[in-house]
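S.K.:
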Amino acid sequence: MAASVIVLCGGSLAGLPSTAYGLSAGTLDSLSISPGTVVAGTPAQGTVTLAAAVDQDTVVTLSSTNTGVVRVPGSVTIPAGALSADFTVTTVPFTGPGDFACVNGTAGGITQVDCLNVNPVPSGPVLSSVTFSPATVAGGSPATGTVRFASVTDGAVVTLSSSNPAVVSVPAETVVSGGQSSGAFPVTTTSVSAGTTVTVTATAFGVTRTGTLTVVPATTPPVSDVVRIKRAEWKGRLLRIEATSTNPNAILSVYLTSSDSFMFTLTNLGGGRYADQRGWVFNPQRITVKSNFGGSATAST
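Per mature numbering (1 follows the signal peptide of the UniProt record, and there is no 0): the sequence shown = residues -20 to -1, 1 to 281.
1) Excluding sequence positions up to five away, which residues of its chain have a Cβ less than 8 Å from the Cβ of T224?
2) On a Cα-Cα basis, can you pick out the residue from A146, P197, S238 and V50 that is closest to V180?
3) Which residues share a DSSP beta bridge with W260?
4) By the three-class DSSP mapping on this structure, what secondary structure does S238 have?
5) Per DSSP, which one or two residues make a beta bridge with S44?
6) Reducing DSSP to helix, strand and coil, say where I231 ends up.
7) Tell me which residue opens and which closes the beta strand (DSSP E) that P166 is part of.
8) Which one of V56, P197 and T17 has the shortest CA to CA distance from V11?
9) Given this structure, state the Cα-to-Cα distance separating residue 294 from T86, to the nearest angstrom.
10) With H, G and I counted as helix, E and B as strand and the rest as coil, what does DSSP make of R266?
11) Excluding the 5 residues preceding and the 5 following L96 in the sequence, name in chain order all residues of the same chain whose CB lies nearer than 8 Å to its CB.
12) Within this structure, are the beta carbons of A230 and I221 separated by less than 7 Å?
13) CB-CB under 7 Å to S276, same chain, minus the five flanking residues each way: which ones, in chain order?
14) Use the C-beta contact count for G186: other C-beta atoms within 10 angstroms, 16 or more gives buried, fewer gives exposed.
15) Assign V98 to buried or exposed, taking buried as 16 or more other Cβ atoms, counted over all protein chains shown, within 10 Å of its Cβ.
16) Determine the DSSP secondary structure at L193, reduced to helix, strand or coil.
17) Tell me whether T188 sits in a helix, a strand or coil according to DSSP, three-state version.
18) Tell me whether the region 181 to 200 and the region 116 to 131 touch, counting them as touching only if at least three CB pairs, one residue from each stretch, are closer than 8 Å.
19) Provide the residue(s) that pair with D66 in DSSP beta bridges, ordered along the chain.
20) Would you call residue 326 buried or exposed, if buried means 16 or more other Cβ atoms sit within 10 Å of its Cβ?
21) T17 lies in the beta strand (DSSP E); which residues open and close that run?
22) On the DSSP bridge assignment, give the partners of A279 in chain order.
23) Excluding five sequence neighbours on each side, which residues of the same chain lie with their C-beta closer than 7 Å to the C-beta of S142?
24) Going straight from the alpha carbon of S233 to that of M243, what length do you get?
25) For R128, which option in G76, T188 and V172 has the closest C-alpha, if you only look at C-alpha atoms?
26) In terms of alpha-carbon separation, which member of V28, G159, G191 and V132 lies closest to T91?
27) Evaluate V106 with the Cβ neighbour count: other Cβ atoms within 10 Å of its Cβ, from every protein chain shown; 16 or more gives buried, anything less gives exposed.
28) Could you have a look at Y1 and say whether DSSP puts it in helix, strand or coil?
In structure tokens:
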């Protein structure tokens, strides 16, 4: 039976033999978060490392001690033969005094913990609406959602939820870029036998707005698009993504491949061309660009 060891705030047993303190191959040696302090709404990078590589995938379960400030995926997988894997640590925008949260990672009977300090953002503009185009869509076809603020933002993360995710699915959040007052997000629908109206809730800076999308039975199946990544580069803490879609009306969103975490939505340049660049504190290694019409592509950064 493997011994359980808890190491707080970035503790590590790296440098010791894998048998020390009851460690065995496939058990967790360390969890770290970089940087250790961020402004609310800015992501950080989490890294989990094993005591020794093993010949099978290792699933590390993750949790946050304060999900109102820091959120992580439920788990991250370290591939067979690898020692470590990265995951995105998402921070929720808030005002008021600073806060912190610790992230727990567990694998092979070992739990490791690291903590993240989060500084508040200045009070942001007021979220004014969430709308959909089209407002009525055939089941199985995509739609485009738009969140709008009453004024230009310095950048904002808007959390989203659906009252009926089995019919209308939205990302957990969408980002409005600095200097903009609105941002788009992809909406996925499923087939229905009768017209169904679903409410989507958007929240930012303590303000909540709702919008409705009606899904009706489809007469013909939707056509998927083809997505291609033309550029995926991380350099000098700047992430640049360029992609194309065979459907010029598609919404292309970027995800961290290792955890399938939403990162941001690309800007539609017209003619099926999409691009964006964002400040990003860590190299995501591999990203996936997904279309709301069903197409996707993956590339290394």
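C-beta: ideal position from N, C-alpha, C; glycine also.
M.R.: Taking the geometry as given:
1) V207, R208, K210, G252, R253 and Y254
2) A146
3) According to DSSP, which records beta bridges pairwise, W260 is partnered with nothing at all.
4) coil
5) V83
6) coil
7) S162 to T169
8) Here residue 11 turns out to be Leu, not Val, going by the sequence shown. Ranking V56, P197 and T17 by Cα distance to L11 puts V56 first.
9) Because the chain spans -20 through 281 in this model, residue 294 falls outside it and cannot be assessed.
10) strand
11) I13, G16, T17, V18, A24, V50, V69, T71, F80, A81, C82 and V83
12) no
13) V207, T268, V269 and K270
14) exposed
15) buried
16) strand
17) strand
18) yes
19) T27
20) Since the first and last residues shown for the chain are -20 and 281, residue 326 lies out of range.
21) T17 to V19
22) I267
23) V148, S149, V150, V178 and V180
24) 8 Å
25) T188
26) V28
27) exposed
28) With a pLDDT of 39 at Y1, under the threshold of 50, the modelled position of that residue is not reliable, and the figure given next carries that caveat. In this structure, Y1 counts as helix in the three-state DSSP scheme.
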